[in-house]
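Chemist: Under this note's numbering, the first residue of the sequence shown is numbered 7, with each subsequent residue one higher. Idealized CB from N, CA, C, for every residue including glycine. Just so we're clear, the structure is a prediction, and the values are computed from it rather than from any experiment.
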Amino acid sequence: MPVPPPAAPPVVAPAPPPPSGAPAVGSWGAGTALAPGGAQPAALRWFTGSDWRPALRVVAAPTAVLLLAALLAAVPGSYGGEFPAPFGTRYGGSLAAALAALGAPFEGLVSMGSGRSSWSLDYTLRVLPMTVTLLWALALWAGLRSGLRRRQARTGGQASRAFAFGEAARTGLVAAAVTLVLGLLCGTRWQPAERGRGSYDENRYEGLFGGPAFDLDAGWVQALGWTFLLAGLIALAVYGTDALRWAAWRNAGVRGWAVAGLTAGRVIASAVALASVTAFVIVAAQGEGGATLASLAFLPNLGLLLLGFGSGATFEAGRQGYLEPGEGDGYSPGRFQYSFFDLKDLPGDWRWTALLALATAALLGWTAFRRRLDVVDRIRLAVVHSAALSLLVLLAGASMSVAGTNEGRAAALGRGEHSSVGLAFGSALAANLIWAAAGALALPPLLAALGARRPAAGPGAPGAAAPGVPAQGGHHDGGPDAGTPAAVVPAPSDLLDSHGADSHGAGTRGQDPLDGVRPAGGGRAAAEDSSVWRKQDPADS
């Protein structure tokens, strides 16, 4: 009988390699480690995983501007009139007034007496001290620019759109948080005339009412949204320069609107600066030291009002009162209107303000002529200029609401009024459109017909030899450059001057062949500078 073949030995699986480290202690065993941040929601990862230090650093200077403005306003010791207030009380009220630069209404309450024998006056002032607002924005912009340069020097890359929006949101949130803290700290309550104090006059306050009490505060809740919006837009303008530059380099429409915005911004800044100096001279000539010092906080406001009045807009100062809340028109309605064409009882010297409007239109037209803007670009320039200037004129006005209550033994009587001063928005928009059309559309062809010489184009590589548009790189939150470094960068004059259609090819222009792209090696300063508007050719400056 044959012997069966021996059975094959069983296949044994190879033993797993010994663990490199000690297993985790617990009933779950070693397990698999989760990805960093994988167990957190996306919103929480954005708050905890992002670098908030740049945003915290850049808000330090704008905060110092607000604190310094409040300090300067609180220094004069004559505040309070009959009841001089101590410095701490003045500083709390001045800090509440400084928050008006970020859109917070200034609120005050004067009250006397208590219970059934009391009198109170509640007022709310809405005015934007544009000098403080401008200094706040400039401080924030300088900090953002400095931080962006440090980041670019460390990473060597350009800011992507995602990075720009993220930094803008973080900057806006941190700035709003600082406004919240200042809003909680500002304000004061002061009751100087109490029994037992030297300032209390028994004969004057004997009867129904006690001594007066003053409350000052700021509507900081409204300032939170405006702070977030303003800080976020400034941060987006700084961090989003690279993305906007490349979008403008590829698309003629984006390039045209970018040129219009930049040109209009420069013209408006120059015109408002000139008008503000004129307004300060007019105020200082009146010889009132207190009014001259107070006007320093509102110089852009006064300059915009002068510029709008000289352009032909209607200046309005109105008041509407009521005897009881909700009764509509009341005991003292009134409205005063003045314009360049109807001065009424004003002296004729106010018509000299038309020189400000004329200078603005001339500067707008000369800039459009110098930048070689075509008809479409000049139309964009006129639209952007008139819209931006009208918005600033709208913000230059002021309004105040006052409500008083007198509670006696039998009944309570309430009175109040609402006052406003400023330029009528409709008339300001129409006047700005007319002057912008005259400056941007009519003046450049007139200058060309008169043979005016414009600056020659700056030296650069010939447009025919320009290579294709490179792909945009971008770094993320502290990471390395996500894309390949660009071989060429758009020349600043390519975005500041006029442009041809995209049919001429990427990176080329329809006119001025000497304005082309510049190699990164030959234009290192232009490549490293994230703001295309800061670096210009000598011919464009």
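Comparing alpha-carbon positions, which option in Pro111, Ser425, Ser392, Thr269 lies nearest Asn438?
Modeler: Taking only the C-alpha atoms, the option nearest Asn438 is Ser392.
Chemist: Helix, strand or coil for Asp248 per DSSP?
Modeler: Asp248 falls in the helix class under three-state DSSP.
Chemist: So what does Phe112 bridge to, in DSSP terms?
Modeler: DSSP, once it has assigned bridges, lists Leu131, Ala224 as partnering Phe112.
Chemist: Looking at C-alpha atoms only, which residue of Ala102, Val265, Gly316 is the closest neighbour of Arg378?
Modeler: Per the Cα distances, Val265.
Chemist: Throw me the rounded Cβ distance for the Val138 and Ala75 pair, which I believe falls under 8 Å.
Modeler: Correct: roughly 5 Å between the Cβ atoms.
Chemist: If we count the other Cβ atoms within 10 Å of its Cβ and call it buried at 16 or more, is Glu294 buried or exposed?
Modeler: When all chains shown are included, Glu294 counts as exposed.
Chemist: With a CB to CB cut of under 7 Å and the five nearest residues on each side skipped, what residues in its chain are close to Val133?
Modeler: Ala106, Ala404, listed in sequence order.
Chemist: Take Leu312 and list the residues in its own chain whose beta-carbon comes closer than 7 Å to its own, dropping the five residues that flank it on each side.
Modeler: These residues qualify, in order along the chain: Ala281, Thr284, Ala285, Thr359, Leu362.
Chemist: Less than 8 Å between the C-beta atoms of Ala388 and Ala319, yes or no?
Modeler: It is not a contact, given that the beta carbons lie outside the stated cut-off.
Chemist: Return yes when the Cβ of Leu310 is within less than 8 Å of the Cβ of Ser301, no when it is not.
Modeler: Contact: no.
Chemist: Under the three-state reduction of DSSP, which class applies to Glu322: helix, strand or coil?
Modeler: In this structure, Glu322 counts as strand in the three-state DSSP scheme.
Chemist: Just list the residues that DSSP pairs Arg155 with in beta bridges.
Modeler: Paired residues: none, contrary to the question.
Chemist: I need the straight-line Cα distance from Gly428 to Val381, nearest angstrom please.
Modeler: One C-alpha to the other measures close to 34 Å.
Chemist: Could you give the residue range of the beta strand (DSSP E) that holds Arg195?
Modeler: From DSSP, the beta strand (DSSP E) with Arg195 extends over 194-196.
Chemist: Provide the residue span of the beta strand (DSSP E) that contains Gly293, from first to last.
Modeler: Gly293 -> no beta strand (DSSP E), and no H or E assigned at all.
Chemist: From Leu154 to Thr373, what distance separates their C-alpha atoms?
Modeler: Distance between the alpha carbons of Leu154 and Thr373: 30 Å.
Chemist: Tell me, please, which residues DSSP counts as bridged to Leu74.
Modeler: Its beta-bridge partners do not exist; DSSP assigns none.
Chemist: With the cut-off set at 8 Å, would you say Gly178 and Trp226 are in Cβ contact?
Modeler: No, these two residues do not count as a Cβ contact at 8 Å.
Chemist: What's the gap between the Cα of Pro476 and the Cα of Ala253?
Modeler: In this prediction, Pro476 scores a pLDDT of 36, lower than 50, which makes its location untrustworthy; no coordinate-derived value is stated.
Chemist: Closer than 8 Å is the cut-off here; do at least three beta carbon pairs connect the stretch 340-351 with the stretch 244-252?
Modeler: Segments in contact, no.
Chemist: Tell me where the beta strand (DSSP E) around Arg341 begins and ends.
Modeler: From DSSP, the beta strand (DSSP E) with Arg341 extends over 340-344.
Chemist: Report yes if the C-beta distance between Thr233 and Thr185 is below 8 Å; otherwise report no.
Modeler: The answer is yes: Cβ separation under 8 Å.
Chemist: Report the rounded CA-to-CA distance for Leu146 versus Leu456, giving the unit in angstroms.
Modeler: Roughly 44 Å between the two C-alpha positions.
Chemist: For my contact list, Asp383 and Gly262 are in at a C-beta cut-off of 8 Å; report their separation, rounded to the angstrom.
Modeler: Asp383 to Gly262, Cβ: 5 Å. Contact.
Chemist: Just to check my reading of the structure: Leu77 and Gly410 have Cβ atoms closer than 8 Å, yes? What is that Cβ distance to the nearest angstrom?
Modeler: Their Cβ separation, rounded to whole angstroms, is 32 Å, which puts Leu77 and Gly410 out of contact at 8 Å.
Chemist: So, Val399 versus Ala434, is the Cβ gap smaller than 8 Å?
Modeler: In this structure, Ala434 lies closer than 8 Å to Val399 by Cβ.
Chemist: Taking Cβ to Cβ, would you say Leu369 is nearer than 8 Å to Ala277?
Modeler: Yes, Cβ-Cβ distance for Leu369 and Ala277 is below 8 Å.
Chemist: In chain order, what residues of the same chain lie with their CB nearer than 6 Å to the CB of Thr269, ignoring the 5 residues before and after it?
Modeler: Only Thr373, Leu387 meet the Cβ criterion.
Chemist: Alpha carbon to alpha carbon, what distance is there between Val180 and Gly231?
Modeler: Cα to Cα, Gly231 sits roughly 12 Å from Val180.
Chemist: Cutting at 8 Å between CB atoms, please list the residues of its own chain near Ala67, excluding the five before and the five after it.
Modeler: If we look at Ala67 and ignore the five residues flanking it on each side, its Cβ neighbours are Ala145, Leu146, Ala148, Gly149.
Chemist: Between the Cα of Ala6 and those of Ser407, Pro92, Phe315, Arg63, spot the shortest distance and give me the residue it belongs to.
Modeler: One cannot answer for residue 6 here, as it falls past the ends of the chain, which runs 7 to 547.
Chemist: Between Ala168 and the rest of its own chain, which residues show a CB-CB distance below 6 Å, the 5 nearest in sequence each way excluded?
Modeler: No residues qualify anywhere along the chain.
Chemist: To the nearest angstrom, report how far apart Arg442 and Ser345 are at their CA atoms.
Modeler: Per the sequence presented here, residue 442 reads as Ala, with Arg not at that position. Straight-line Cα distance between these residues: approximately 19 Å.
Chemist: Please classify Arg96 as buried or exposed, where buried requires at least 16 other C-beta atoms within 10 Å of its C-beta.
Modeler: Answer is buried; the Cβ neighbour count reaches 16.
Chemist: Taking 7 Å as the limit between beta carbons, can you name the residues of its chain near Ala430, skipping five residues before and five after?
Modeler: Closer than 7 Å at the Cβ level, and outside the excluded window around Ala430, lie Ala319, Thr320, Glu322.
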